[in-house]
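Below: the structure, in structure tokens.
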Amino acid sequence: MKKKVVLAYSGGLDTSCAIRWLQDQYDVDVICFSAFIGEVKDRKKLEKKALVSGAKKAYILDLKEEFAREYILPSLWAHARYEGQYPLATALGRPLIAKHLARVAKLEKADYVAHGCTGKGNDQVRIEVGVRTWAPNIKIIAPLREWNFKSREEEIDYAKKHKIPVDATKASPYSIDMNIWGIAIEAGILENPWTEPPQDAYVMTRSLDKVPDQPRYIVIDFVDGVPVKLNGVKKNLVDMIESLNEIGGTYGVGRFDMIENRLVGIKSREVYEAPAAEILLRAHTELEGMVMDREFLHYKRLLSEKYAQLTYFGYWFTPLKESLDAFFQSNQKRVTGKIRMKLEKGHAVCVGRESKYSLYSEKLATYSAADAFDHKSAQGFLKMWGLPYEGLKDKE
Ligand code: ARG
507 MKKKVVLAYS GGLDTSCAIR WLQDQYDVDV ICFSAFIGEV KDRKKLEKKA
557 LVSGAKKAYI LDLKEEFARE YILPSLWAHA RYEGQYPLAT ALGRPLIAKH
607 LARVAKLEKA DYVAHGCTGK GNDQVRIEVG VRTWAPNIKI IAPLREWNFK
657 SREEEIDYAK KHKIPVDATK ASPYSIDMNI WGIAIEAGIL ENPWTEPPQD
707 AYVMTRSLDK VPDQPRYIVI DFVDGVPVKL NGVKKNLVDM IESLNEIGGT
757 YGVGRFDMIE NRLVGIKSRE VYEAPAAEIL LRAHTELEGM VMDREFLHYK
807 RLLSEKYAQL TYFGYWFTPL KESLDAFFQS NQKRVTGKIR MKLEKGHAVC
857 VGRESKYSLY SEKLATYSAA DAFDHKSAQG FLKMWGLPYE GLKDKE
């Protein structure tokens, strides 16, 4: 009997060629596994493509719900953004793929797993560390680190020679990875950091000259930290995210253009779109800011930074990440209320908030006659607050 490999399959040129290449180089049967989390629209088509390309079997699993609940939601609670911007769509998708890749490999009693990540990206790290956490004994093959194609053209020739279907119409000049939390667009002319991304690079958002003139207001209801209603209409998390991608995209919300520090040491120019992530991260942050105290909020920011790094670096299934999840979850009961956002020309701004757990007191904050703040006691308080520094500079 031939040995077996389970390949994380996307339907793109690389993983399609990898099916044939694995058969030839390793003399194995190839089983494809795809996580359906928002990139591919047509599951049947993807399955057919895998089989036509030479796979013995294909698992195309709908994992959107699991992705939303177990990956996106915790990172929303963590306010995770790598280097202050990138909401981590790809970095969150990879551990989910790794976990199921390991599971399917065990189910199939496979000898290997394989993936289509290159040798200079972060994705290989997330997939391999994830797979090894769940299935330490399985061997991992990374065809893209081994094969000798010098260019995309060579790869296309190989595909044609072996009758592997190539979708020429979809041949984008960019490298793209997408799920419901956002899209990453890299390579091509974007590699020049001075060049503005051309309009055709964007997939989820309209450019500012095409967005509506009038702003649009939306209201998001949160219960226990979970966004549950959009404009008064109940939505499950996946629907909520997909609807906000649609609406936010129409207003050009959630574009990023940044130079980012990869784990492998290089800096890369990244273009991201993440309309729903941008809106939800802002909305959740605003609501939490209203119901939680200063010490908690300030300390949380440090942990958010760490959480984003762990996620980005492929340390998703780790004790520290899980402990941080418990920390972020601990106060979500209070994150219940409504946030009103204004979408306007590329921006999503919170313009209203309301919660029964609100710590905001208009009586204390007001500069009007209704003021209830005890101004006199400020004097004594300030005496103590400044005491350690009294005369400090006077002595120099
Ligand atoms: N730089 C981003 C990250 O590391 C995006 C990676 C995109 N992946 C891809 N295969 N195009 O998370």
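Per our numbering, residue 507 is the first one in the sequence shown, and the count goes up by one each step. By construction, the Cβ of each residue, glycine as well, lies at the ideal position given by its N, Cα and C atoms.
- Pro-649 has its alpha-carbon roughly 8 Å from the corresponding atom of Thr-624.
- In the structure shown, Lys-656 falls within a coil segment according to DSSP collapsed to helix, strand and coil.
- Counting every other CB atom within 10 Å of its CB across the protein chains shown gives Trp-527 a total of 16 or more, marking it as buried.
- By the Cβ rule, the stretch 552-568 does not count as touching the stretch 805-813, because fewer than three pairs are nearer than 8 Å.
- Counting along the chain, Cys-523 sits inside the alpha helix (DSSP H) bounded by residues 519-532.
- Listed by position in the chain, the residues whose beta carbon lies within less than 7 Å of some heavy atom of the ligand ARG are Tyr-592, Leu-594, Thr-596, Ala-597, Cys-623, Gly-627, Asn-628, Asp-629, Ser-681, Ile-682, Asp-683, Ala-690, Glu-692, Glu-766, Arg-768, Ser-774, Glu-776, Tyr-818.
- Tyr-895: not part of any beta strand (DSSP E); DSSP gives it neither H nor E.
- Around the Cβ of Val-534, a 10 Å sphere holds 16 or more other Cβ atoms; the residue is buried.
- Between the beta-carbon of Cys-538 and that of Tyr-565 there is about 7 Å, and that keeps the pair under the 8 Å contact cut.
- Under the three-state reduction of DSSP output, Met-798 falls in the coil class, being neither helix nor strand.
- Taking C-beta separations shorter than 7 Å and ignoring five residues to either side along the sequence, the partners of Arg-775 in its chain run Leu-696, Glu-697, Pro-699, Ile-765, following chain order.
- Counting only runs of at least 3 residues, the stretch 556-621 fully encloses the following beta strand (DSSP E) elements, listed from N- to C-terminal order: 563-568, 618-620.
- Straight-line measurement puts the Cα of Gly-599 at about 22 Å from the Cα of Gly-771.
- Counting along the chain, Ser-681 sits inside the beta strand (DSSP E) bounded by residues 681-685.
- Annotated three-state conformation of Met-890 is helix, per DSSP.
- For the options Gly-731, Ile-726, Asn-643, the alpha carbon positioned closest to that of Asn-737 is the one of Ile-726.
- With contact defined as three or more Cβ pairs closer than 8 Å, the stretch 610-630 and the stretch 706-718 are not in contact.
- In the DSSP assignment, Leu-513 falls within the unbroken beta strand (DSSP E) covering 509-514.
- The shortest CA-to-CA distance from Gln-531 to any of Tyr-757, Glu-868, Asn-654 is the one to Asn-654.
- Collapsing the DSSP output to three states places Val-759 in coil.
- When secondary structure is reduced to three states using DSSP, Ala-693 falls in the coil class, being assigned neither helix nor strand.
- When DSSP states are grouped into helix, strand and coil, Glu-779 belongs to the strand group.
- Residue pairing by DSSP places Ser-540 opposite Ile-566 in a beta bridge.
- Ranking Lys-666, His-606, Lys-669, Pro-718 by CA distance to the CA of Lys-851 puts Pro-718 first.
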